[in-house]
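Written out below as structure tokens is the structure these notes cover.
Numbering (the working numbering), first residue to last: 490 to 759.
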């Protein structure tokens with residue numbers, strides 16, 4: 490019996506990254522799940538930790554984000570406890586648990602030898618999310634005058650995910666993290682593979698531009714600067730120049746105007 494348990498635990502621990510997308514990923518949509526599926530998804534998370542302990546003798550690889558994630562989960566529990574709608578808050582907390590579970594599934598279940606397959610899978614997932622977001626997004630004109638493009642774009646409804654459509658900031662937040670990963674991964678590949686990855690990057694960039702999400706664009710600019718310094722450390726002086734230009738822009742435009750440009754967002758419900 491113990492031998493069977495150890496073999497099963499070894500299999501789960503060795504394939505955790507892929508299994509989590511089947512059993513843990515539904516928690517990312519906890520608000521839209523039927524209660525039995527939501528509860529079943531929650532119940533699978535401890536099984537992965539127990540399998541790691543049995544197969545490898547440790548609960549998880551130590552990471553720099555362990556303490557921040559523990560604090561985040563504790564704060565989330567406090568939020569559920571004081572919420573006026575505990576059922577909805579619990580489901581939102583389930584989405585947080587799903588994200589944390591996927592994080593530890595990646596760091597524990599994706600060794601360096603299989604990192605390439607994991608990145609390709611991540612890019613394909615990002616492209617699928619971008620396509621769904623593009624087809625189901627509620628378009629708003631923000632700072633780019635491109636409303637004429639929206640008239641020619643196909644539209645689909647996804648009532649299971651969001652009956653009123655996706656906000657631009659939500660779509661940008663789902664797609665933008667894949668963009669710097671695509672650029673960083675492209676540097677390590679052959680020319681043919683690099684072209685395919687850059688095609689993913691162009692698609693992700695197009696989605697972000699259509700969302701006109703200021704937060705996503707600003708975050709991508711910062712990520713791009715970090716990638717540039719990673720590949721060309723001698724250009725560190727550009728960071729100081731960019732900081733000076735940023736300070737000058739704030740003084741020229743005025744702090745209030747800059748704050749309004751950066752913080753204004755879609756006020757409609759998500």
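Glycine included, each C-beta is placed from N, C-alpha and C at the ideal position.
Apply the 10 Å Cβ neighbour rule to residue 699 and answer buried if 16 or more other Cβ atoms are within range, or exposed otherwise.
-> The residue you call residue 699 lines up with position 210 of the chain shown. By the 10 Å Cβ count, residue 699 comes out buried.
Identity of the residue in 697, 682 and 708 nearest residue 609 by Cα | Translated into the one-based positions of the chain shown, residue 609 becomes position 120. Comparing Cα-Cα distances from residue 609 to each of 697, 682 and 708, the minimum goes to 682.
Buried or exposed: residue 508, going by 16 or more other Cβ atoms within 10 Å of its Cβ?
-> Within the chain shown, residue 508 is the residue found at index 19, counting from 1. The residue is buried, with at least 16 neighbouring Cβ atoms inside 10 Å.
Output the boundary residues of the alpha helix (DSSP H) element that contains residue 569.
-> Residue numbering aside, residue 569 sits at position 80 when the chain shown is read from its first letter. Residue range 555-571 is occupied by the alpha helix (DSSP H) that includes residue 569.
Within the same chain, show all residues whose beta-carbon is closer than 8 Å to that of residue 679, passing over the 5 residues directly before and after it, in chain order.
-> Position 190 of the chain shown, counted from the first residue, corresponds to residue 679. Correct list: empty, nothing qualifies.
DSSP puts residue 618 in a beta bridge; with which residues?
-> Numbered from 1 along the chain shown, position 129 holds the residue referred to as residue 618. None, per the DSSP bridge assignment.
Apart from the five residues on each side of it in sequence, which residues of its chain come closer than 7 Å, Cβ to Cβ, to residue 674?
-> By 1-based counting over the chain shown, the position of residue 674 is 185. Excluding sequence positions up to five before and after residue 674, its CB lies within less than 7 Å of the CB of 608 and 686, all in the same chain and listed in chain order.
Roughly how many angstroms lie between the CA atoms of residue 577 and residue 567, to the nearest whole one?
-> Within the chain shown, residue 577 is the residue found at index 88, counting from 1. Within the chain shown, residue 567 is the residue found at index 78, counting from 1. For residue 577 and residue 567, the distance between alpha carbons rounds to 14 Å.
Would you be able to state if there are at least three C-beta pairs under 8 Å between the segment 618-626 and the segment 688-697?
-> With the cut-off at 8 Å, the segment 688-697 and the segment 618-626 touch.
Compute the minimum distance between the beta carbon of residue 692 and the heavy atoms of the ligand NAP, and state whether it is under 7 Å.
-> The ligand NAP is absent from the structure shown, which contains no ligand whatsoever.
How long is the line joining the alpha carbons of residue 710 and residue 661, rounded to whole angstroms?
-> Stepping through the chain shown from its first residue, residue 710 is reached at position 221. Stepping through the chain shown from its first residue, residue 661 is reached at position 172. Roughly 14 Å between the two C-alpha positions.
Can you tell which of 708, 537 and 558 has its C-alpha closest to the C-alpha of residue 484?
-> Residue 484 lies beyond the residue range present for the chain, which begins at 490 and ends at 759; the question has no answer from this structure.
Please list the segments of the alpha helix (DSSP H) lying wholly inside the segment 657-708, counting only runs of 4 or more residues, in order along the chain.
-> List check, alpha helix (DSSP H) in window: 657-664, 667-675 and 680-700.
Span separating the alpha-carbon of residue 587 from that of residue 676 = Numbered from 1 along the chain shown, position 98 holds the residue referred to as residue 587. Numbered from 1 along the chain shown, position 187 holds the residue referred to as residue 676. One C-alpha to the other measures close to 31 Å.
In terms of residues, what are the limits of the alpha helix (DSSP H) holding residue 548?
-> Stepping through the chain shown from its first residue, residue 548 is reached at position 59. DSSP places residue 548 in no alpha helix (DSSP H); its state is neither H nor E.
Can you have a look at residue 529 and say buried or exposed, based on whether 16 or more other CB atoms are within 10 angstroms of its CB?
-> In the chain shown, the residue the question calls residue 529 occupies position 40. That one is exposed.
Where does residue 688 land, buried or exposed, given buried means 16+ other C-beta within 10 angstroms?
-> To locate residue 688, count along the chain shown from 1; it is residue 199. A residue is called buried when at least 16 other Cβ atoms come within 10 angstroms of its Cβ; residue 688 does not meet this threshold and is exposed.
Between residue 667 and residue 612, what straight-line distance do the alpha-carbon atoms span, to the nearest angstrom?
-> Here residue 667 corresponds to residue number 178 of the chain shown, with the count starting at 1. Here residue 612 corresponds to residue number 123 of the chain shown, with the count starting at 1. C-alpha separation (whole angstroms): 6 Å.
Nearest residue (CA-CA) to residue 697, options 592, 615 and 546 | Counting from 1 along the chain shown, the entry for residue 697 is found at position 208. For the residues 592, 615 and 546, the minimum Cα distance to residue 697 belongs to 615.
Nearest-angstrom Cα separation, counted from residue 597 out to residue 591 = Within the chain shown, residue 591 is the residue found at index 102, counting from 1. Within the chain shown, residue 597 is the residue found at index 108, counting from 1. Linking residue 591 to residue 597 through their CA atoms gives a straight-line distance of about 10 Å.
Can you list, in chain order, the residues of its chain whose CB lies under 6 Å from that of residue 670, leaving out five sequence neighbours each side?
-> Locating residue 670 in the chain shown gives position 181, counting from the first residue. Spatial neighbours of residue 670 in its own chain (CB-CB distance under 6 Å, excluding positions within 5 residues in sequence) are not present.
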